[in-house]
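Numbering (numbering that gives the first Met the number 0), first residue to last: 0 to 261. See below for the structure under consideration.
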Amino acid sequence: MGFLAGKRILIAGVASKVSIAYGIAQAMYKQRAELAFTYQNNKLKDRITELAIGLDSKIILPCNVEKDENITDLFNQLSQKWTTFDGLVHSIAFAPNDQLNGDYVNTVSRQGFQIAHEISVYSFVAMAKACRLMLNPNSALLTISYLGAERAIVNYNVMGPAKASLEANVRYMANSMGPESIRVNAISAGPIRTLASSGIKGFRKMLNYCESITPIRRSITIEDIGNSAAFLCSDLASGITGEVIHVDGGFSITAMNELELK
Ligand code: NAD
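Take a look at the structure:
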């Protein structure tokens with residue numbers, strides 16, 4: 000018996016087998032959750048359908064979070080299959096490519112800032128708002144953040160302020176939904192090579208650097224994140240809400256590791 004047995008969880012943000020959301024879905028499936036999936040657009044439909052079927056899911060619905068009506072449609076369609084459910088994983092982020100390369104102040108634009116915040120941040124609370132009445136007591140919502148929320152990281156640029164806003168969003172949502180016994184948390188993930196991260200200039204170099212100085216001396220995997228996500232969305236984490244849990248091998252607790260002080 001898995002610790003998510005009896006829980007129905009909607010996963011938004013699978014784009015490929017290496018997506019963080021797919022690692023989360025796999026871990027939740029292992030713990031016996033029943034899963035539903037969203038896909039961003041028709042180009043991704045077949046791939047997500049295949050991955051979802053592999054995890055015994057038959058609920059695969061479109062949702063581009065750019066528009067409120069798409070989010071409303073998603074939950075209208077989901078309600079035909081599940082009248083209530085127990086969790087939402089939001090693993091969605093986007094900023095235009097030109098925002099992720101170069102000096103932050105020179106690069107950032109009003110439009111880039113707006114797009115990054117709307118898609119990567121507002122969409123989380125927009126989804127929560129739209130499905131609030133469908134969530135059972137003891138439900139859990141989860142999103143994925145990054146250290147760029149707390150520290151200035153080269154080329155991460157406008158995604159840093161967006162992730163900082165996402166983490167504040169988590170605290171406000173947790174405070175709002177807590178009285179209904181709904182918990183809201185974030186995982187701040189270490190860097191992983193995925194479609195989204197490959198848009199950040201110099202990402203491979205960043206990954207190698209992190210591997211060399213992270214306390215556990217390796218990169219984080221989507222399994223690492225998946226297992227933590229499964230725990231946070233389960234009743235085992237019943238006392239945890241409004242938190243940002245670092246699943247980064249300890250990278251965020253270090254400083255000046257590159258200096259040879261011996
Ligand atoms: P990914 O490319 O596999 O996933 C990003 C997802 O966002 C895709 O499924 C894409 O379809 C979805 N998306 C983008 N715009 C959308 C829109 N308008 N509507 C609906 N969906 C949309 O990459 P990933 O690395 O798995 O990213 C998942 C999350 O993890 C993101 O929030 C990302 O910022 C975060 N994160 C990633 C890393 C990393 O190093 N990969 C580290 C920390 C945090």
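Every residue gets a Cβ at the ideal spot worked out from N, C-alpha and C, and that includes glycine. Fair warning: this is a prediction, and the values are worked out from it, not measured in the lab.
Discussion item. Closer than 7 Å to a non-hydrogen atom of the ligand NAD - does that hold for the CB of A254?
Written reply: As a working note, residue 254 is residue 255 in the sequence shown. Outside the cutoff, so no.
Worksheet item: So which of I191, I221, D223, N226 has the shortest CA-CA distance to E210?
Response: Residue numbering aside, residue 210 sits at position 211 when the sequence shown is read from its first letter. Out of I191, I221, D223, N226, I191 has the C-alpha closest to the C-alpha of E210.
Discussion item. Quick check: what's the CA-CA separation for I239 versus F202?
Written reply: Within the sequence shown, numbered from 1, the residue matching residue 239 stands at position 240. Within the sequence shown, numbered from 1, the residue matching residue 202 stands at position 203. When rounded, the distance between both Cα atoms is 32 Å.
Worksheet item: Rounded C-beta distance between N226 and S180? I'm assuming under 8 Å.
Response: The residue labelled residue 226 in the question sits at position 227 within the sequence shown. The residue labelled residue 180 in the question sits at position 181 within the sequence shown. Contact flag wrong, Cβ pair sits at about 24 Å.
Worksheet item: From what residue to what residue does the alpha helix (DSSP H) around S144 run?
Response: Stepping through the sequence shown from its first residue, residue 144 is reached at position 145. Not the alpha helix (DSSP H): S144 falls in the beta strand (DSSP E), residues 134 to 144.
Worksheet item: Counting by C-beta, which residues lie closer than 5 Å to a heavy atom of the ligand NAD, in chain order?
Response: G12, A14, S18, I19, Q39, N63, V64, E65, S90, I91, A92, F93, I118, I143, Y145, A188, P190, I191, T193, L194, A195, S196
Worksheet entry | Rounded straight-line distance, which links the Cα of A125 to that of A229 | Indexing the sequence shown from 1 puts residue 229 at position 230. Indexing the sequence shown from 1 puts residue 125 at position 126. The straight-line gap from Cα to Cα measures roughly 22 Å.
Worksheet item: Leaving out five residues before and five after N69 in sequence, what residues of the same chain have Cβ atoms less than 8 Å from its Cβ?
Response: Stepping through the sequence shown from its first residue, residue 69 is reached at position 70. So the list reads P61, C62, N63, once near-sequence residues are dropped.
Worksheet item: Could you give the residue range of the alpha helix (DSSP H) that holds R203?
Response: Stepping through the sequence shown from its first residue, residue 203 is reached at position 204. Where R203 is concerned, the enclosing alpha helix (DSSP H) stretches over 202 to 212.
Practice prompt. Closer than 7 Å by C-beta to R170: which residues in its own chain qualify, once you throw out the five before and the five after it? Chain order, please.
Written response: Residue mapping note: residue 170 aligns to position 171 of the sequence shown, counting from 1. Closer than 7 Å at Cβ, skipping near neighbours: G241.
Worksheet entry | Residues that DSSP places opposite Y103 in a beta bridge | As a working mapping, residue 103 is identified with position 104 in the sequence shown. According to DSSP, Y103 bridges with nothing at all.
Worksheet item: What residues are listed by DSSP as bridge partners for E33?
Response: The residue you call residue 33 lines up with position 34 of the sequence shown. DSSP, once it has assigned bridges, lists R7 as partnering E33.
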